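Right, one structure below, let's go through it.
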Amino acid sequence: MKIVFIGPPGAGKGTQCGLLSEWLGVPHISTGEMLRSLDSETGGAIHLRIDRGHFAPDDFILKMVADRLSEEDCRRGYLLDGFPRTLVQAKAFDHSMERSTEQLDHVVHLIVGADELVQRLAQRSLTGTRSDDSAQFIQERFRIYEERTAPLLEYYGERGLVREVDASSSPEVVFERIRVSIGADR
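Just so it is clear: in the sequence shown, position 90 is 91 by this note's numbering, and no numbers are missing.
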């Protein structure tokens, strides 16, 4: 299965992709993790953009994702977490898939209320694992999500790919909801 996960910061995309990756036996591809692991020479300017709550440049992300999807472990499918984030990325990704006669199976939209999201991100920022979870960047990340990522729901919705999932419960409950929504509950 080829699945894109969409949701605001703190919705649980990484958590759910990790669980589903194990269940389906396909790789969880997190562009955020890929970007955070860049060496300082390549990633310095990109890290600065991310630390300020902005996205990495589309052309850079598109190449990085294309290179990763060309690897052997992606032949049976993959779970994309953090890509595409913009309409430009989605259209370019679709174009590349059409050339290879592939297509997405689902776009899972994780829905969580704003208060819950703020609480989750505040909790996550206490661990200090992600510089973009600091209080000063949380509101900016929400604004950018609404402006650039949310329009993807309409784009993919027109093709009947979007699976809306209430992600306000425990990770285990959300995982079951996702499996049912994509028909992988057997």
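Just so it is clear, CB atoms sit at the ideal spot from N, CA and C, and this is done for glycine as well. None of the values given here were measured: they were computed from a predicted structure.
Alpha-carbon to alpha-carbon, residue j and residue i
i    : j    : result
L36  : P58  : 11 Å
M65  : S169 : 31 Å
I179 : G26  : 15 Å
Q140 : T16  : 21 Å
S71  : E99  : 15 Å
R121 : A12  : 8 Å
D40  : D60  : 18 Å
Q124 : V166 : 22 Å
S38  : L49  : 13 Å
R53  : A46  : 11 Å
E34  : A67  : 16 Å
E23  : A115 : 29 Å
Test item: CB-CB of residue i and residue j under 8 Å
i    : j    : result
K14  : Y79  : no
R164 : H110 : yes
F176 : P10  : no
Y157 : V108 : yes
F84  : I51  : no
D82  : I30  : yes
Near the ligand MN: residue i beta-carbon under 7 Å from a heavy atom
i    : result
L105 : With respect to the ligand MN, the structure shown offers nothing to examine, as it has no ligands at all.
Expected contact under 8 Å - CB spacing of residue i and residue j to nearest Å
i   : j    : result
R69 : T150 : Not quite, the Cβ-Cβ distance comes to about 20 Å (not below 8 Å), so this is no contact.
Option in the options with minimal Cα separation from residue i
i    : options                  : result
T32  : E42, L49, V5 and L21     : V5
D186 : S71, L21, L81 and T102   : L21
L88  : A67, P152 and D106       : P152
F56  : I145, E173 and P172      : I145
D74  : A115, P28, A93 and E117  : P28
E7   : A46, V181, L162 and V174 : One point to set straight first is that residue 7 is Ile, not Glu, in the sequence displayed. The residue with the shortest Cα to Cα distance from I7 is L162.
Cut-off 6 Å between Cβ atoms - residues of its own chain near residue i, not counting five sequence neighbours on either side
i    : result
E148 : none
Sequence-distant residues of the same chain with beta carbon closer than 8 Å to residue i, five excluded per side
i    : result
A91  : P85, L153, Y156 and Y157
L118 : P9, P10, G11, A12 and F143
P172 : G13, T16, Q17 and L20
Q104 : K3 and M98
Proximal residues to residue i (C-beta, below 7 Å), its chain only, five neighbours per side dropped
i    : result
A93  : L63
L127 : none
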